[in-house]
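**Student:** Starting off with a structure, shown below.
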Amino acid sequence: MRRQFASDNYAGVCPEAWTALAEANSGHAPAYGDDEYTARASDLIREFFETDCEVFFTFSGTAANSLALASLCQSYHSILCHELAHIETDECGAPEFFSNGSKILLVPGEYGKIDLAAAELAITRRNDIHYPKPKVLSLTQPTEVGTVYRPDELAAARDFARRFGLRMHMDGARLANAIATLDLPPRRITWEAGVDVLCFGGTKLGLPVGEAVVFFNKDLAYEFDYRCKQAGQLASKMRFLAAPWIGMLRDGGAALLKHARHANACAEQLEGRLRKVPGVRVLHPREANAVFIEMPAALAAALRDRGWRFYSFIGDGGARLMCSWDTQTSDIDDFMRDLEALAAR
Ligand SMILES: *Cc1c(COP(=O)(O)O)cnc(C)c1O
0 MRRQFASDNY AGVCPEAWTA LAEANSGHAP AYGDDEYTAR ASDLIREFFE TDCEVFFTFS
60 GTAANSLALA SLCQSYHSIL CHELAHIETD ECGAPEFFSN GSKILLVPGE YGKIDLAAAE
120 LAITRRNDIH YPKPKVLSLT QPTEVGTVYR PDELAAARDF ARRFGLRMHM DGARLANAIA
180 TLDLPPRRIT WEAGVDVLCF GGTKLGLPVG EAVVFFNKDL AYEFDYRCKQ AGQLASKMRF
240 LAAPWIGMLR DGGAALLKHA RHANACAEQL EGRLRKVPGV RVLHPREANA VFIEMPAALA
300 AALRDRGWRF YSFIGDGGAR LMCSWDTQTS DIDDFMRDLE ALAAR
């Protein structure tokens, strides 16, 4: 199949992850995470964030988010997130399921970012025993519509969370793309910004499979290993979940950031060309590796007829075009050639 813009999940495994995976495939190693690869990958994550933290590996982002959130709340608590958040719209109720019923409270906000004034309303609307007690603020970085929270916005969210006694969860399925955009040390937009637990995405960045749950607040990781096991997220051959991270993070995260920068740069290029096409409108500021566009339905259908795939159910409408670590300029040329020809008909 040709390279598509439907999802960064369409891309294969990047060479660095693949090499590290192959390196781990030698001889025997202890099972269930007691191996040297898991220890090394966890250490590299600590180095990447420049702090001591507890690290766990899961198979999917849904599991990472759900189990992380479950460890932050009791069943009578609530979780505040943006109304377009993946935990609300794309996890089939797993956060509520794994937390035994913690309620998700939806907060609006421009460009996929939580509006703190609206979040305050959701919290202060009630303070009686009949309302699920707000306990977690969950941010997605970059957001579901491809925008990036800036350090000042994160600082405001941290102060807000402190003011209302909330714990902070970050869904970082594409965190590397946000780091590449902001060009800041990873610690600045995570634990220094008050994040208690981060779900650090690997799959979309070029890993074969796997996400890391990173507890900067180590107390909250208490018995998290049991949660993972009960949820079927404890890999028996853990070394193969962990090893690809080594390929991404050795050399200070060079490979991870290289691929993230590349994907962002491709999206920037794609955005620039899309803006010149009459009838096509770019939605939201393009700040990471996604471009959302609005186009006539006939044009979208004609593109699909030519074999192009893209999602139109993510965010609040429009077609999402996603660049990945292996997107090439020729892919953008191919897509734009079809789009321009069809738009001119
Ligand atoms: C892809 C994604 C996830 C993880 O999804 P899985 O399919 O469960 O791995 C989580 N959050 C966001 C914002 C995502 O885009």
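Its first residue numbered 0, the sequence shown is counted upward by one per residue in numbering that gives the first Met the number 0. Backbone N, C-alpha and C define an ideal beta-carbon position, used for all residues, glycine too. Nothing here was measured: the structure is a model prediction, and the numbers come from that model.
If you count every other CB in all the chains shown that lies within 10 Å of the CB of serine 70, and 16 or more means buried, which is it?
**Tutor:** Residue numbering aside, residue 70 sits at position 71 when the sequence shown is read from its first letter. Buried, since its Cβ has 16 or more Cβ neighbours within 10 Å.
**Student:** Need the endpoints of the alpha helix (DSSP H) that alanine 28 sits in, please.
**Tutor:** To locate residue 28, count along the sequence shown from 1; it is residue 29. Careful: alanine 28 lies outside any alpha helix (DSSP H) and carries neither H nor E.
**Student:** Measuring straight from C-alpha to C-alpha, what distance separates leucine 206 and glycine 145?
**Tutor:** On the sequence shown, position 207 is the one that residue 206 refers to. On the sequence shown, position 146 is the one that residue 145 refers to. Whole-angstrom Cα-Cα distance: 20 angstroms.
**Student:** Please confirm if the segment 43-61 is in contact with the segment 213-221, defined as three or more CB-CB distances below 8 angstroms between the two stretches.
**Tutor:** yes
**Student:** Quick one: Cα of methionine 0 to Cα of proline 243, how far?
**Tutor:** Start at 1 with the first residue of the sequence shown, and residue 0 comes out as number 1. Start at 1 with the first residue of the sequence shown, and residue 243 comes out as number 244. Rounded to the nearest angstrom, the two C-alpha atoms are 24 angstroms apart.
**Student:** What three-state label does DSSP hand serine 329 in the structure shown?
**Tutor:** As a first step, residue 329 must be located in the sequence shown, where it is residue number 330. Three-state result, serine 329: helix.
**Student:** So is tyrosine 148 buried or exposed if we call it buried at 16+ other beta carbons inside 10 Å?
**Tutor:** Here residue 148 refers to the residue found at position 149 of the sequence shown. Looking at its Cβ environment, which holds 16 or more other Cβ atoms inside 10 Å, tyrosine 148 is buried.
**Student:** Cutting at 6 angstroms between CB atoms, please list the residues of its own chain near isoleucine 122, excluding the five before and the five after it.
**Tutor:** Residue mapping note: residue 122 aligns to position 123 of the sequence shown, counting from 1. For isoleucine 122, where only same-chain residues beyond five positions count, the Cβ hits under 6 angstroms are Pro133, Phe163.
**Student:** Could you pull the start and end residues of the alpha helix (DSSP H) that aspartate 315 belongs to?
**Tutor:** Residue mapping note: residue 315 aligns to position 316 of the sequence shown, counting from 1. That residue, aspartate 315, is in no alpha helix (DSSP H); it is neither H nor E in DSSP.
**Student:** Any heavy atom of ligand 1 closer than 6 angstroms to the Cβ of glycine 60?
**Tutor:** Position 61 of the sequence shown holds residue 60. Flag set: Cβ of glycine 60 near ligand 1.
**Student:** Indicate, with yes or no, if ligand 1 has a heavy atom lying under 6 angstroms from the CB of alanine 211.
**Tutor:** Indexing the sequence shown from 1 puts residue 211 at position 212. With a threshold of 6 angstroms, the Cβ atom of alanine 211 does not count as near ligand 1, since no heavy atom of the ligand is closer than that.
**Student:** Taking the C-alpha atoms as reference points, what is the distance between lysine 228 and alanine 175?
**Tutor:** To locate residue 228, count along the sequence shown from 1; it is residue 229. To locate residue 175, count along the sequence shown from 1; it is residue 176. So the two alpha carbons sit approximately 27 angstroms from each other.
**Student:** With the cut-off set at 7 angstroms, would you say aspartate 170 and histidine 85 are in Cβ contact?
**Tutor:** Against the sequence shown, residue 170 aligns to sequence position 171. Against the sequence shown, residue 85 aligns to sequence position 86. Yes, the Cβ-Cβ distance between aspartate 170 and histidine 85 is below 7 angstroms.
**Student:** Buried or exposed: aspartate 114, going by 16 or more other Cβ atoms within 10 Å of its Cβ?
**Tutor:** Taking the sequence shown and counting its residues from 1, one reaches residue 114 at position 115. Label assigned to aspartate 114: exposed.
**Student:** List the endpoints of the continuous alpha helix (DSSP H) containing cysteine 265.
**Tutor:** As a first step, residue 265 must be located in the sequence shown, where it is residue number 266. 238-273 is the extent of the alpha helix (DSSP H) around cysteine 265.
**Student:** Closer than 6 angstroms: is that where the CB of aspartate 337 sits relative to any heavy atom of ligand 1?
**Tutor:** Residue 337 sits at position 338 when you count from the first residue of the sequence shown. The answer is no for aspartate 337.
**Student:** May I have the straight-line CA-CA distance separating threonine 180 from alanine 287, to the nearest angstrom?
**Tutor:** Locating residue 180 in the sequence shown gives position 181, counting from the first residue. Locating residue 287 in the sequence shown gives position 288, counting from the first residue. Each residue's Cα considered, the two are about 6 angstroms apart.
**Student:** Who are the near neighbours of methionine 294 in its chain, counting only those whose CB is closer than 6 angstroms to its CB and skipping five residues on each side?
**Tutor:** Here residue 294 corresponds to residue number 295 of the sequence shown, with the count starting at 1. Closer than 6 angstroms at the Cβ level, and outside the excluded window around methionine 294, lie Val279.
**Student:** Could you give the first and the last residue of the continuous alpha helix (DSSP H) run that contains glutamate 152?
**Tutor:** Position 153 of the sequence shown, counted from the first residue, corresponds to residue 152. 150-162 is the extent of the alpha helix (DSSP H) around glutamate 152.
**Student:** Give the list of continuous beta strand (DSSP E) stretches no shorter than 3 residues that lie fully inside the segment 51-129.
**Tutor:** 53-57, 76-81, 102-106
**Student:** If you measure between the beta carbons of methionine 237 and tyrosine 31, is that distance less than 7 angstroms?
**Tutor:** Indexing the sequence shown from 1 puts residue 237 at position 238. Indexing the sequence shown from 1 puts residue 31 at position 32. Closer than 7 angstroms, so yes.
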